Amino acid sequence: MLTFDHIAVSAETLARGVQDVETALGQPLLPGGEHPDMGTHNRLLSFGPEEYFEVIAVNPAAEGPDQPRWFNLDNFRGATRVTNWICRCPDIEAAIAAAPEGIGVPWKLQRGDLRWSMAIPEDGKLPFGGLFPALIQWHDDAHPAPRLRDTGVRLKELRLHAPEAAALRAALGPLMSDPRVSIIPAEAARIEAVLATPTGDVTL
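Numbering (UniProt numbering), first residue to last: 1 to 204.
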C-alpha cells in the first residue's frame, strides 16, 4: 500500500540547511519552491527517477497555516537533520484509515503543475515521535523526481531509532516492505539516512 517517496531534512533556515547538506554530500541541491499553505520552502536532490530528498524550513516571508506546520517545523531547533520520511500511496483515504491514530487529515496542495494530497496532523506531529511516515498521494502522474538532474545519489538505508520499536514495526509492517528501512530500539526517536554518493557513503 505504501511506497517510499522522499526524505525531509529540516533546518532552522533554508540557507543553513542547503549549506550543511551540500557540504556533507558534495552535491549541489536543486531549486524546489514554496508551499504557501504551510508557510515553508525547500530545495531538492534526486534519488533517481522515482525518489528524492528535500531540505525544508519555515519560510519567514510566508504567513503559514492556522495550525502547526507539517513536520513539526514550528518547534524545530538545532542542527540540520533528517526529521521525517514520506511514503506515497494510491488512495490517501484508505492509507489514513490503515495508519495509526494521529496521522492527520488530507490536505489538497499544489506547487506549479505539481498536485498532491497529504495527510497533515493537526498538531504537526506525526505518530511515533515522527518516525511513522507522512502519507502523500500524487495526482495527474506529475512527480518531482523525474524533473531533477540525477547526480548519482541514492538512498542506501533508512534507520528509524525508535523507543517503541515493536509497536512501530507492528504498525508499519502490514503497510509496506522496503529492505532499506530498519527499525532499531532506542531511548530517543531519531532518523538516520545512509546515502550512497559518487564519492562514498554519507550518513545524515
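No residue lacks a Cβ here, since even glycine has one placed at the ideal position from N, Cα and C.
Note that the coordinates shown come from a computational prediction; the quantities given were computed from them, not determined experimentally.
Under a Cβ-count criterion, where at least 16 other Cβ atoms within 10 Å of its own Cβ denotes burial, should residue i be classed as buried or exposed?
i, result
"V105", "exposed"
"P112", "The sequence given here places Gly at residue 112; Pro does not occur at that position. G112 comes out exposed."
"T23", "exposed"
"T203", "exposed"
"N42", "buried"
"T80", "buried"
"A99", "buried"
"E187", "exposed"
"residue 206", "Past the edges of the chain, shown from 1 to 204, lies residue 206, and the structure says nothing about it."
"G200", "exposed"
"Q67", "exposed"
"E51", "buried"
"G17", "buried"
Can you tell me the Cβ-Cβ gap for residue i and residue j, rounded? I've got them flagged as a contact below 8 Å.
i, j, result
"residue 210", "P133", "Summary: the structure shown does not reach residue 210, with the chain confined to residues 1 through 204, and so no result is reported for it."
"L30", "L45", "6 Å"
"F4", "D178", "5 Å"
"L135", "A119", "4 Å"
"P121", "I103", "7 Å"
Give me the residue from the options with the minimum Cα distance to residue i.
i, options, result
"E157", "I184, F71, P60", "I184"
"R180", "A162, F128, L195, L168", "L195"
"H139", "F47, W107, G17, A79", "W107"
"P60", "E51, H161, D74, L175", "D74"
"G48", "D141, H6, A142", "H6"
"Q27", "V82, R149, D123", "R149"
"E34", "V21, L2, P198, L114", "L114"
"V9", "Q67, R77, M176, D37", "R77"
"N72", "D123, D37, A142", "D123"
"D20", "M1, G32, L2, I56", "I56"
"L25", "R154, P144, P127", "R154"
"P144", "E12, A11, G32", "G32"
"P127", "E101, D141, A142", "E101"
Residues in the same chain with beta-carbon distance under 8 Å from residue i, minus the five sequence neighbours each way, listed in chain order, please.
i, result
"G39", "V58, N59, A62, E63, G64, P65, R69"
"A170", "none"
Can you give me the Cβ contacts of residue i inside the same chain, cut-off strictly under 7 Å, excluding the 5 residues immediately before and after it?
i, result
"R190", "H161"
"K125", "N72"
"P36", "A62"
"E164", "F128"
Enumerate in chain order the residues of its own chain whose CB-to-CB distance from residue i is below 6 Å, with the five nearest sequence positions on each side excluded.
i, result
"G129", "A189"
"A193", "I7, V82, L158, L204"
"T151", "Q27"
"A167", "none"
"P198", "G152"
"M176", "L2"
"S117", "I92, P106, K108, Q137"
"E12", "none"
"I96", "I103, A119"
Requested in this report: Mind listing, in chain order, the continuous beta strand (DSSP E) runs of no fewer than 3 residues lying wholly within the segment 156-203?
Outcome: If we require 3 residues or more, the beta strand (DSSP E) runs fully inside the segment 156-203 come out as 181-185, 190-197, 200-203.
Query raised in the report: Going along the chain, which unbroken runs of the alpha helix (DSSP H) with 4 or more residues stay wholly within the segment 46-117?
Result: 92-98
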